[in-house]
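Since the structure comes first, as structure tokens, the remarks are kept for the end.
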Amino acid sequence: MKFSLRYIIPLSISTLILGSASCTKLDETLYDKITSDNFLQKREDVIRDFLRPFEHAFWSIQGGGLFYAQELPADQLMTPNRDGDWFDGGKYQRAHYHTWTVQDDYTSDMWKALFQGISLATNSLEDIEKVDIQKVQITEAEKADFVAELKTLRAWFNLRAFDLYRNIPLVTKVKGETATPPQATPAETFAFIEKELKDAIPGLPLRQDLGTTGIGRWTKGGAAALLARLYLNAEVYTGQSKYAECAAVCQDIIDGKYGNYQLETIWSKPFDYDNANSSEVIYGFPATLARTHWHYSSDMYWWMAPHQAQNFFGFTDFGNMNTRYALQPGRDVDSVEYNFALGKPFIKFQRYPDDLRLKKYKNLGNSKREGMFLFGYLPYYSDPTKLVKSNRGYTIFARDQVGWFKDTPPGTKIADKESNMNHADDNSGLWVAKYPIYPSKDPNTISSAFA
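So for the sequence shown, the numbering used here puts the first residue at 5; every next one is plus one.
Below is the structure:
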């Protein structure tokens, strides 16, 4: 049906004028507000309410600076200044050197991202806990499962906030609340998360009960893994170790108490497009090219490759890749291994020369790949005679080093010996493709669940 607003508006005005002369009943029903009282009317509404915090949870793996604020202060990844690119006021270097300040956006953005998740999960919990199951046509068992999964999800958010900030408020109610609860002590927070998980586990399904469609759902195994993680860091959080409890939960997971899990025989299976079927994946966020795929975003793995590396993969749907993240180096500019123990991730892989991950990444066709690292020259997938170049024009030769190499041929020593976070080019550092990036025409590209 076609219509024009220029005909509707005069009609509406004339109707209003004529009607006002005789209308005396002025009670109105408001349609501009949606609350749990008028939203949860049917089964589909409850499911939407239940799922809303999960979408935010998937986003939060990289949103608010959560990815780089946790990775860059450690000893595996770096974001150096590459000829002026990725300096950004020095915020990445401050993360690297542990000298961040409250002015660095991620210090507050992470808090907002996590507590938005906690609030969303709590809001859905409050909705579903009071819902009339007969009215919305869900079973008591389904309601119990929704509640258990939301409590587990809230525990996951709280555990991450606890790990980052230690002193956090415990949010258990949001409807009608106008003030943030006071900060809890670390002991109180630890006990709260522990109780949430222990209370949730009996009401959660087993992995095998859900099948491949269960990816993204919290199960007994997923909640138990969070409990083990909580116990592992208990001494740091509260001053009291829980290593024995951690070991016991881990052994129960191995023994199948919380579901059927086992290590894969192929390293790539937990990360490939069909990893929803992997016996090794305890929890994962489902992803597809057409819908959400936050781990393939610029805040994570899409910008963990050289400029124009999309041509190396043969996947050009997202535009240019970028050198935001790379592995920290294992060698100086003269290719001499550093003598410190930490870091040097690629060298540690090289200690096991039969490790299949050491191969250069290569798409083999038919949703198959080999290798995990990007190093050396990177030929185009569509034309191997062409090589990936920097946005400054020189051909990239990726090295396990940091410096200004520019067009220097491999194996040639350079006169400039400076090597630090403020003195890198686009050859500096190797890159990792743990999750496959298949060519654009591959039907399974950008489809791996984030495990």
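Each residue gets a CB set at the ideal place from its N, CA and C atoms; glycine is no exception.
- Rounded to whole angstroms, the gap between the alpha carbons of N326 and K261 is 44 Å.
- Every unbroken stretch of the alpha helix (DSSP H) spanning 4 or more residues and falling wholly within the region 51 to 136 is given here in chain order: 70 to 75, 95 to 101, 109 to 133.
- In its chain, beyond the 5 residues on either side, Q312, T399, I400 have a beta carbon closer than 7 Å to the beta carbon of K393.
- DSSP assignment within the region 357 to 394 yields no whole beta strand (DSSP E) run of 3 residues or more.
- Rounded to the nearest whole angstrom, the C-alpha separation of Q244 and E192 is 13 Å.
- Contact between M376 and Q66 is absent: CB atoms are separated by about 20 Å, not below the 8 Å threshold.
- Judged by DSSP secondary structure, F196 falls within the alpha helix (DSSP H) whose first and last residues are 190 to 204.
- Counted as a single uninterrupted DSSP element, the alpha helix (DSSP H) harbouring F350 occupies residues 349 to 354.
- Taken atom to atom, the span from the alpha-carbon of T126 to that of K139 is near 22 Å.
- With respect to the 8 Å criterion, F289 and F454 are classified as neighbours on the basis of their beta carbons.
- In the DSSP assignment, W160 falls within the alpha helix (DSSP H) that extends over 144 to 169.
- A direct Cα-Cα distance of roughly 42 Å separates L378 from K202.
- Y398: not part of any alpha helix (DSSP H); DSSP gives it neither H nor E.
- Bounds of the alpha helix (DSSP H) holding F316 are 314 to 317.
- Bounds of the alpha helix (DSSP H) holding E249 are 247 to 258.
- The beta carbons of H102 and P77 sit about 6 Å from each other, so the pair counts as a contact at 8 Å.
- The distance from the Cβ of N264 to that of R211 is about 6 Å, consistent with a contact at the 8 Å cut-off.
- If you check the CB distance, A117 and A99 do not come in under 8 Å.
- Around the beta carbon of K445, fewer than 16 other beta carbons lie within 10 angstroms, which makes this residue exposed.
- When the beta-carbon positions are compared, W222 and L157 come within less than 8 Å of each other.
- In the three-state reduction of the DSSP assignment, A280 falls in the helix class.
- Selection I258, D358, A248, Q314 evaluated against N367 yields Q314 as nearest (Cα-Cα).
- With a threshold of 16 other beta carbon atoms within 10 Å, D89 meets it and is buried.
- Following the DSSP letters along the chain, one finds K224 inside the alpha helix (DSSP H) bounded by residues 224 to 236.
- As the crow flies, the alpha-carbon of D92 is around 26 Å from that of D167.
- Secondary structure of V240 (DSSP, three-state): helix.
- In the three-state DSSP reduction, Q187 falls in the strand class (E or B).
- V106 sits away from I132, with the two beta carbons spaced by 8 Å or more.
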